[in-house]
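Participant: The sequence shown begins at 1170 in the working numbering and counts up one residue at a time.
Positions of the beta carbon are idealized from the N, C-alpha and C atoms, including for glycine.
Quick one: this structure, given as structure tokens, is what I'll be asking you about.
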Amino acid sequence: MRCLLCVEVNCLLHELLYSSSVYFILLYSTLLYSTLVQSTSFYSTLLYSTLVQSTSFYSTLLYSTLL
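What follows is the structure, given as structure tokens:
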């Protein structure tokens, strides 16, 4: 009887360990994805802003030079 109980507890522990590791992998991948999306969004916004400002600056410079 004791052996059967040990096997059952061992099986339960393995199951618990497996489910917690799957949970942590999912949590970590979600966190990584979220960070990646936020940083991509930040850099694309920064790039767009820089591009618009530089284009505006150069077009103003060109316009004033032509006048």
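1. For Val1176 and His1183, I'd like the C-alpha separation in whole angstroms.
2. By how many angstroms is the C-alpha of Tyr1187 removed from the C-alpha of Tyr1212?
3. Among the residues of its own chain, which have a CB less than 8 Å from the CB of Tyr1217, if the five just before and after it don't count?
Facilitator: Taking the structure as given:
1. Straight-line Cα distance between these residues: approximately 10 Å.
2. Approximately 37 Å, taken between the alpha carbons.
3. Spatial neighbours of Tyr1217 in its own chain (CB-CB distance under 8 Å, excluding positions within 5 residues in sequence) are not present.
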